[in-house]
Amino acid sequence: MNTTALTCTGIEVDFDGFKAVNGVDLELDRGEVHFLIGPNGAGKTTLVDAITGLARYSGSVVKDGTELRGKKVHHIARKGIGRTFQTATVFENLTVAQNLDIAAGSGRSPWALLRRRRHLPDTVVTVMEQIGLKDQAETPAGILAHGQKQWLEIGMLLVGDADVLLLDEPIAGMGAEERETTGRLLHDIAHDRAVAVVEHDMDFMRAFASRVTVLHAGAVLASGSVDEVSNHPRVQEVYLGT
Ligand code: ADP
């Protein structure tokens, strides 16, 4: 059965009197790939900024019983909330294994990891398999293909024990095969985690969303299955102008 990992209630983000997010309720459940869609300026990024501690808000964000409002970014990350951005932020000069090792928070300085080590932690090996980069363990991240960098960044959240992942357009710039692989990866990692995806690509959303929340002008316009939101009259109005 799915369990709720994150509950947002009445989130409001105010930029000098302009409410970029205006009273959003959102629940992210383990076992689901939850797509956040909506036109440009709908408030998707600002909502994710609020959840991750980058934007001040009123309302409440609770993860596993802990209120996160007012907590610092690193505290929120330590609570298991991980985020990726459209441009992957990996250590380009370090190998795939080293990137994951650092993200695993092994407690050693990054420089110690630059020395050759005999064994990688099990979690790093498991995640490298999961993200399909085991054969690239010794490859510098800087020469990975665009899609592989995105998978590495997701892997860095996984080894860091994030169980709520907020992903910003994870398939931007990917070809058809990479998109398919990414969709399958999202479902794989959502098995025991909550995954939220900010996305513009409607075909990708239809193929891989367990649940969809549509934001418009800072508020939730509709939330439900792909079919439910696609047939929602207000969603058709906003997207198709009908
Ligand atoms: P989306 O991610 O859905 O495209 P955003 O969350 O980026 O939307 O933006 C929502 C609204 O908030 C937009 O009108 C945007 O111009 C505004 N906005 C975003 N960040 C700021 C900011 N730092 N200061 C003022 N307005 C902002």
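The opening position of the sequence shown corresponds to residue 1 in full-length UniProt numbering, with each subsequent residue numbered one higher. Even glycine gets a Cβ: it sits at the ideal position worked out from N, Cα and C.
Ordered along the chain, which non-local residues of its own chain (more than five positions away) have a Cβ less than 6 angstroms from that of residue i?
| i | result |
| --- | --- |
| Gly82 | Leu157, Ala162, Leu165 |
| Arg211 | Glu32, His34 |
| Ser223 | Thr213 |
| Asp122 | none |
| His191 | none |
| Ala50 | Ile11, Val13, Tyr57 |
For residue i, count neighbouring Cβ atoms within 10 angstroms of its own Cβ and tell me buried if that reaches 16, exposed if not.
| i | result |
| --- | --- |
| Val48 | buried |
| Pro233 | exposed |
| Arg56 | exposed |
| residue 244 | As shown, the chain starts at 1 and ends at 242. That puts residue 244 outside it, with no answer to give. |
| Phe15 | exposed |
| Thr66 | exposed |
| Gly70 | exposed |
Determine the extent of the beta strand (DSSP E) in which residue i is found, giving its start and end residues.
| i | result |
| --- | --- |
| Asp168 | 164–168 |
| Phe35 | 33–37 |
| Asp29 | 18–29 |
| Val197 | 194–198 |
| Thr181 | Here Thr181 belongs to no beta strand (DSSP E); instead the alpha helix (DSSP H) covers 176–189. |
Measure the beta-carbon distance from residue i to residue j and round it to whole angstroms, keeping in mind my assumption that it falls under 8 angstroms.
| i | j | result |
| --- | --- | --- |
| Ile131 | Leu152 | 7 angstroms |
| Gln86 | Ala172 | 5 angstroms |
| Ile154 | Thr84 | 6 angstroms |
Would residue i and residue j be called neighbours here (beta carbons separated by less than 9 angstroms)?
| i | j | result |
| --- | --- | --- |
| Ala218 | Gly23 | Before going further, note that residue 218 is Gly rather than Ala in the sequence given. It is a contact, given that the beta carbons lie within the stated cut-off. |
| Leu36 | Val197 | yes |
| Thr52 | Asp29 | no |
| Arg179 | Asp201 | yes |
| Val195 | Leu167 | yes |
| Ala207 | Gly160 | no |
| Leu54 | Val62 | no |
Note down, in chain order, each residue of its chain lying with its Cβ closer than 8 angstroms to the Cβ of residue i, except the 5 sequence neighbours on either side.
| i | result |
| --- | --- |
| residue 245 | The chain is shown from 1 up to 242; residue 245 falls before or after that span and cannot be answered. |
| Lys134 | Val125, Met128 |
Which same chain residues, not among the five before or five after residue i, have their C-beta less than 7 angstroms away from its C-beta?
| i | result |
| --- | --- |
| Asn93 | Pro140, Gly142 |
| Thr9 | Asp25, Gly59, Ser60 |
| Asn99 | Val90, Phe91, Ala141, Leu152, Met156 |
| Glu138 | Thr95, Ala97 |
Locate the alpha helix (DSSP H) running through residue i, then write down its first and last residues.
| i | result |
| --- | --- |
| Thr126 | 122–130 |
| Lys44 | 44–51 |
| residue 245 | In the structure displayed, the chain extends from 1 to 242; residue 245 sits before or after that span and is not available. |
| Gly82 | It is not in any alpha helix (DSSP H) - Gly82 instead sits in the beta strand (DSSP E) that spans 81–84. |
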